[in-house]
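Notes to accompany the following structure.
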Amino acid sequence: RQVTLDLRSALADSQFELHYQPIVDLKTGKIARAEALLRWRHPQRGMLAPAEFLACAEAGGLMVEIGDWVFRQAARQARAWQDELGPGFKVGINQSAAQFRGDTALYVGWLTYTAELGLAPRNLVIELGEGVLLDPGSQVAGRVRELREMGLQVALDNFGTGYSSLAHLKHFGIDLLKLDRSFIGRLESDSGDLAMCEALIVMAHKLGLRVVAEGVETAAQSGLLAMAGCDFAQGHVYARPMPAAELSALSRRGV
Ligand code: G
Ligand code: G
Ligand code: MN
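Heads up: the sequence shown begins at 468 in UniProt numbering, then just goes up one per residue.
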């Protein structure tokens, strides 16, 4: 298929790039982390977001190669930010189920790579959606444990959508809970959503997880989340995804 061919040349010709969305520490108001988001600078169609090509990559069997590229690229950036923005600056990396089927040789490679870079593995946070945790082919519980034994952190992404189950939080050892933006959008208008967020934050903290609110679009939402004890937030009210150099500048200037 044409798109699959295009995707292959995208990998070969470095047409992929990563943008980074700042994640703000709600206690200090400073940028403490970032999430890496994949973009495809298509020679004819311009800049494409993942929704426009990841399904084709999946169908074409390219997800592992892309996931590996994303990991390495994000790890190099995290290494630079470790010096530039502080030793604890963390970078979130989205990964798909494909990455966790088959053998583990791939992330053994990741560990070697972080060591070569001189990057602390805990500065990388592997973001997994619940679809990944439930993937029948991938024995993910064991894989999540292996990632954490390597010193990487693991986040449960888009929590509150789909098959979200509180049991996942306990069953899979996880470091970070990312509350889906579908909760956050109605925080001001829906007292039920606010109650859910507050309770999830308390529960996550009791289980030793930290919490990121996604899709924060207003100062009022940010305030409610800070009052609820939420640790971090990301969303358009702070900043959109941007090239790494812009994030460095913004971080020095402050959001
Ligand atoms: O910013 P945005 O439109 O880019 O992201 C859309 C979706 O694509 C998000 O749900 C995100 O999890 C997913 N996504 C972004 N970057 C990557 C990536 O590098 N790998 C995978 N597997 N998914 C990604
Ligand atoms: O699913 P995941 O959380 O990995 O992907 C993040 C997606 O959310 C990206 O597509 C990103 O561009 C988008 N996003 C980031 N901040 C906001 C926001 O404040 N509002 C909305 N609607 N989308 C956001
Ligand atoms: Mn994510």
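Built from N, CA and C at the ideal position, the CB exists for glycine as well.
Closest by C-alpha distance to residue i, when choosing among the options
| i | options | result |
| --- | --- | --- |
| ALA565 | GLY596, LEU584, GLY555, LEU586 | GLY596 |
| VAL575 | PHE538, ARG546, GLY598 | PHE538 |
| VAL679 | LEU485, LEU493, GLN562, LEU474 | LEU493 |
| TRP705 | ALA522, ILE560, GLN488 | Here the sequence assigns Tyr to residue 705, which means Trp is not the residue at that position. When each option's Cα is compared against that of TYR705, the closest is GLN488. |
| ASP473 | PRO510, MET663, ILE641, SER656 | PRO510 |
| GLY682 | MET617, VAL611, ASP624, ALA712 | ASP624 |
| LEU691 | TYR630, SER658, VAL470 | SER658 |
| GLN470 | GLU525, LYS497, VAL491, LEU505 | According to the sequence shown, residue 470 is Val rather than Gln. It is GLU525 whose Cα lies nearest to the Cα of VAL470. |
| TRP536 | LEU504, GLU551, LEU667 | LEU504 |
| GLY675 | SER715, ALA687, ALA712, VAL621 | VAL621 |
| GLU616 | ALA695, GLY598, ILE641 | ILE641 |
| LYS497 | LEU552, GLU519, ARG508 | LEU552 |
| ARG612 | GLY598, PHE699, LYS637, LEU478 | LYS637 |
| ARG508 | VAL531, LEU529, GLU484 | GLU484 |
| HIS486 | LEU717, SER715, ALA716, PRO708 | PRO708 |
| LEU521 | ALA541, ALA477, CYS697 | ALA477 |
| SER632 | GLY598, ALA501, ARG543, ALA695 | GLY598 |
| GLU655 | ARG475, TYR630, ALA687 | ALA687 |
| GLN540 | THR495, VAL491, GLN482 | GLN482 |
| ALA479 | ALA501, ALA499, LEU529, VAL491 | LEU529 |
| PHE639 | ALA671, ALA666, SER718, THR628 | ALA671 |
| SER563 | THR685, LEU600, LEU667 | LEU600 |
| residue 408 | GLY618, LYS645, ILE668 | The structure shown has nothing for residue 408, since the chain only spans 468 to 722. |
| ALA499 | PRO710, ALA700, ALA711 | ALA700 |
| MET694 | PRO710, GLU684, ILE668, SER718 | ILE668 |
| ASP698 | SER715, ARG610, GLU665, VAL722 | GLU665 |
| ASP550 | LEU586, GLY534, GLU519, TRP577 | LEU586 |
| PHE626 | ARG610, GLU594, LEU614 | GLU594 |
Residues bridged to residue i (per DSSP)
| i | result |
| --- | --- |
| PRO489 | ALA501 |
| GLY624 | It should be pointed out that residue 624 corresponds to Asp in this sequence rather than to Gly. According to DSSP, which records beta bridges pairwise, ASP624 is partnered with GLY596. |
| ALA700 | VAL491, ALA680 |
| LYS645 | VAL679 |
| MET709 | TYR487 |
| LEU591 | VAL558 |
Test: residue i CB closer than 9 angstroms to a CB of chain B
| i | result |
| --- | --- |
| HIS509 | Of the protein chains in this structure there is only one, and it is not chain B. |
Closer than 8 angstroms: residue i CB and nearest ligand 5 heavy atom
| i | result |
| --- | --- |
| ASP660 | The model depicted lacks ligand 5 and carries ligand 1, ligand 2 and ligand 3 instead. |
contact_flag[the segment 586-593, the segment 552-563] where n(CB pairs < 8 angstroms) is 3 or more: yes
Contact set, ligand 1 heavy atom to C-beta under 5 angstroms: LEU504, LEU505, ALA516, PRO517, VAL537, ASN561, SER563
Inter-stretch contact at 8 angstroms, needing at least 3 Cβ pairs: the segment 568-583 / the segment 506-526: no
Length at least 4, wholly inside the segment 501-569: the alpha helix (DSSP H) runs in chain order: 521-526, 530-551
contact_flag[the segment 577-584, the segment 596-609] where n(CB pairs < 8 angstroms) is 3 or more: no
The segment 661-669 / the segment 638-651 touching (three or more Cβ pairs under 8 angstroms): yes
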